[in-house]
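Some notes on the structure that comes next.
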Amino acid sequence: MDKIDRKILRYLQDNCRLSISDLGNLVGLSTSATHRRISILEKEGMIEKYTASLSGEKLGYSMIFFVEVSLENQSDKTLASFEKAALERPEVLECYLTTGSADYLVKVAAKDTKSYEQIYKRIIASLPHVSRIESSLVMKTVKAWSGYSLEKS
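This is the structure we're talking about:
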(Lines of atoms letter the chains of each structure in order from A and count residues from 1; the text may use other names and numbers.)
(Lines give C-alpha, C1' and ligand atoms only; values in the text may rest on other atoms or scores of the structure.)
Protein backbone atom coordinates (compact mmCIF):
# COMPACT_ATOMS: atom_id res chain seq x y z
CA MET A 1 0.00 0.00 0.00
CA ASP A 2 1.51 3.28 -1.06
CA LYS A 3 0.82 6.93 -0.32
CA ILE A 4 -1.93 7.18 -2.96
CA ASP A 5 -3.71 4.08 -1.63
CA ARG A 6 -3.72 5.63 1.85
CA LYS A 7 -5.19 8.85 0.42
CA ILE A 8 -7.90 6.87 -1.38
CA LEU A 9 -8.75 5.01 1.82
CA ARG A 10 -8.79 8.23 3.85
CA TYR A 11 -11.18 9.94 1.43
CA LEU A 12 -13.46 6.89 1.15
CA GLN A 13 -13.50 6.46 4.91
CA ASP A 14 -14.68 10.07 5.26
CA ASN A 15 -17.19 9.88 2.40
CA CYS A 16 -17.79 6.60 0.58
CA ARG A 17 -20.27 8.33 -1.73
CA LEU A 18 -17.53 10.15 -3.62
CA SER A 19 -17.63 9.35 -7.30
CA ILE A 20 -14.58 7.59 -8.69
CA SER A 21 -13.99 10.63 -10.88
CA ASP A 22 -14.05 13.03 -7.91
CA LEU A 23 -11.87 10.69 -5.88
CA GLY A 24 -9.40 10.50 -8.76
CA ASN A 25 -9.23 14.29 -8.90
CA LEU A 26 -8.55 14.44 -5.16
CA VAL A 27 -5.66 11.95 -5.34
CA GLY A 28 -4.31 13.01 -8.73
CA LEU A 29 -5.24 9.92 -10.77
CA SER A 30 -7.40 9.20 -13.78
CA THR A 31 -10.80 7.63 -13.24
CA SER A 32 -9.63 4.26 -14.59
CA ALA A 33 -6.48 4.24 -12.43
CA THR A 34 -8.56 5.15 -9.36
CA HIS A 35 -11.07 2.41 -10.14
CA ARG A 36 -8.25 -0.12 -10.58
CA ARG A 37 -6.72 0.81 -7.21
CA ILE A 38 -10.09 0.63 -5.44
CA SER A 39 -10.69 -2.83 -6.93
CA ILE A 40 -7.31 -4.00 -5.63
CA LEU A 41 -7.99 -2.53 -2.18
CA GLU A 42 -11.33 -4.36 -2.12
CA LYS A 43 -9.79 -7.67 -3.25
CA GLU A 44 -7.04 -7.37 -0.63
CA GLY A 45 -9.68 -6.84 2.07
CA MET A 46 -8.58 -3.30 2.93
CA ILE A 47 -12.10 -2.13 2.07
CA GLU A 48 -14.61 -4.47 3.69
CA LYS A 49 -17.84 -2.66 2.84
CA TYR A 50 -19.39 0.70 2.09
CA THR A 51 -21.87 1.92 4.67
CA ALA A 52 -23.82 4.91 5.94
CA SER A 53 -23.39 6.26 9.46
CA LEU A 54 -26.86 6.57 10.98
CA SER A 55 -27.94 8.74 13.89
CA GLY A 56 -29.06 6.39 16.64
CA GLU A 57 -30.56 9.29 18.53
CA LYS A 58 -32.68 10.45 15.56
CA LEU A 59 -33.80 6.85 15.07
CA GLY A 60 -35.03 6.85 18.66
CA TYR A 61 -32.10 5.05 20.31
CA SER A 62 -31.21 7.64 22.91
CA MET A 63 -29.39 5.30 25.28
CA ILE A 64 -26.18 3.33 24.78
CA PHE A 65 -25.07 0.68 27.25
CA PHE A 66 -21.80 -1.15 27.52
CA VAL A 67 -22.32 -4.51 29.13
CA GLU A 68 -19.50 -6.57 30.62
CA VAL A 69 -20.34 -10.25 30.45
CA SER A 70 -18.51 -13.01 32.30
CA LEU A 71 -19.10 -16.63 31.38
CA GLU A 72 -19.16 -19.78 33.50
CA ASN A 73 -15.95 -20.95 31.81
CA GLN A 74 -13.84 -20.10 28.79
CA SER A 75 -13.92 -23.40 26.92
CA ASP A 76 -14.04 -23.19 23.15
CA LYS A 77 -17.55 -24.65 23.20
CA THR A 78 -18.80 -22.08 25.73
CA LEU A 79 -17.25 -19.14 23.85
CA ALA A 80 -18.62 -20.37 20.51
CA SER A 81 -22.10 -20.84 21.98
CA PHE A 82 -22.14 -17.32 23.47
CA GLU A 83 -20.79 -15.74 20.28
CA LYS A 84 -23.34 -17.51 18.08
CA ALA A 85 -26.17 -16.29 20.31
CA ALA A 86 -24.81 -12.72 20.39
CA LEU A 87 -24.51 -12.67 16.59
CA GLU A 88 -28.17 -13.65 16.27
CA ARG A 89 -29.41 -10.76 18.44
CA PRO A 90 -30.03 -7.52 16.49
CA GLU A 91 -30.07 -5.57 19.78
CA VAL A 92 -26.38 -6.39 20.19
CA LEU A 93 -24.60 -3.71 18.15
CA GLU A 94 -21.07 -4.84 18.89
CA CYS A 95 -19.53 -7.68 20.86
CA TYR A 96 -15.85 -8.11 21.74
CA LEU A 97 -13.97 -10.95 23.42
CA THR A 98 -11.69 -9.15 25.88
CA THR A 99 -8.97 -9.60 28.45
CA GLY A 100 -9.51 -8.37 31.99
CA SER A 101 -12.25 -9.00 34.53
CA ALA A 102 -15.01 -9.76 31.98
CA ASP A 103 -14.96 -12.11 29.02
CA TYR A 104 -16.98 -9.93 26.65
CA LEU A 105 -17.81 -6.28 26.18
CA VAL A 106 -21.19 -5.88 24.50
CA LYS A 107 -22.61 -2.61 23.12
CA VAL A 108 -26.39 -2.25 23.16
CA ALA A 109 -28.60 0.63 22.01
CA ALA A 110 -31.98 1.20 23.65
CA LYS A 111 -34.80 3.70 23.22
CA ASP A 112 -35.20 4.19 26.99
CA THR A 113 -34.54 2.44 30.29
CA LYS A 114 -37.69 0.33 29.99
CA SER A 115 -36.61 -0.97 26.61
CA TYR A 116 -33.12 -1.67 27.99
CA GLU A 117 -34.67 -3.61 30.86
CA GLN A 118 -36.55 -5.73 28.32
CA ILE A 119 -33.38 -6.23 26.27
CA TYR A 120 -31.50 -7.12 29.45
CA LYS A 121 -34.06 -9.67 30.62
CA ARG A 122 -35.00 -11.12 27.25
CA ILE A 123 -31.67 -11.03 25.48
CA ILE A 124 -28.56 -10.50 27.58
CA ALA A 125 -29.49 -12.52 30.65
CA SER A 126 -30.75 -15.35 28.42
CA LEU A 127 -27.47 -15.70 26.50
CA PRO A 128 -25.90 -19.08 27.20
CA HIS A 129 -23.28 -19.67 29.93
CA VAL A 130 -23.53 -16.16 31.45
CA SER A 131 -22.39 -16.01 35.09
CA ARG A 132 -22.13 -12.24 35.65
CA ILE A 133 -23.39 -9.11 33.90
CA GLU A 134 -22.43 -5.51 34.65
CA SER A 135 -24.00 -2.68 32.65
CA SER A 136 -22.81 0.90 32.24
CA LEU A 137 -24.94 3.64 30.71
CA VAL A 138 -23.16 6.07 28.41
CA MET A 139 -23.85 9.54 29.80
CA LYS A 140 -22.11 11.43 27.01
CA THR A 141 -20.22 10.43 23.88
CA VAL A 142 -16.95 12.34 24.01
CA LYS A 143 -15.51 10.78 20.87
CA ALA A 144 -17.13 8.16 18.68
CA TRP A 145 -15.14 6.05 16.27
CA SER A 146 -15.08 7.70 12.87
CA GLY A 147 -12.37 5.73 11.12
CA TYR A 148 -8.85 4.45 11.33
CA SER A 149 -5.89 6.77 11.47
CA LEU A 150 -4.21 6.78 8.08
CA GLU A 151 -0.89 8.50 7.61
CA LYS A 152 -1.24 11.93 6.08
CA SER A 153 1.46 11.91 3.46
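Take the position in the sequence shown, starting the count at 1, then add 1; the result is the number in the working numbering. The beta-carbon is built from N, C-alpha and C at its ideal position, and this holds for glycine as well. Given the structure is predicted, the values throughout are model-derived calculations rather than measurements.
Subject >> Euclidean distance between Cα positions of I125 and T35 >> reply: Looking at the two C-alpha atoms, the distance is approximately 45 Å.
**OP:** Counting only the same chain and skipping the five closest in sequence on each side, list residues whose C-beta sits under 7 Å from that of R11.
**Re:** Within the same chain, R11 has close Cβ partners L151.
Subject >> CA-to-CA distance, E84 to R133, given in whole angstroms >> reply: Each residue's Cα considered, the two are about 16 Å apart.
Subject >> First and last residue of the uninterrupted alpha helix (DSSP H) at Y117 >> reply: Per DSSP, Y117 belongs to the alpha helix (DSSP H) from T114 to I120.
Original post:
Roughly how many angstroms separate the alpha carbons of L19 and V28, rounded to a whole number?
Top reply: Using only the alpha carbons, I get a separation of about 12 Å.
Original post:
Looking only at its own chain, which residues have a Cβ that is under 6 Å from the Cβ of A110, when we skip the five neighbours before and after it?
Top reply: Apart from the 5 residues on each side of it in sequence, A110 sits with its Cβ closer than 6 Å to the Cβ of G57, Y62, I65 and L94 in its chain, given in chain order.
**OP:** Please check the pair F67 and K108, which I expect to be a contact at CB under 8 Å, by giving their CB distance rounded to whole angstroms.
**Re:** Between K108 and F67 the Cβ distance is about 6 Å, and since that is below 8 Å, they are a contact.
Original post:
By how many angstroms is the C-alpha of K112 removed from the C-alpha of K59?
Top reply: One C-alpha to the other measures close to 10 Å.
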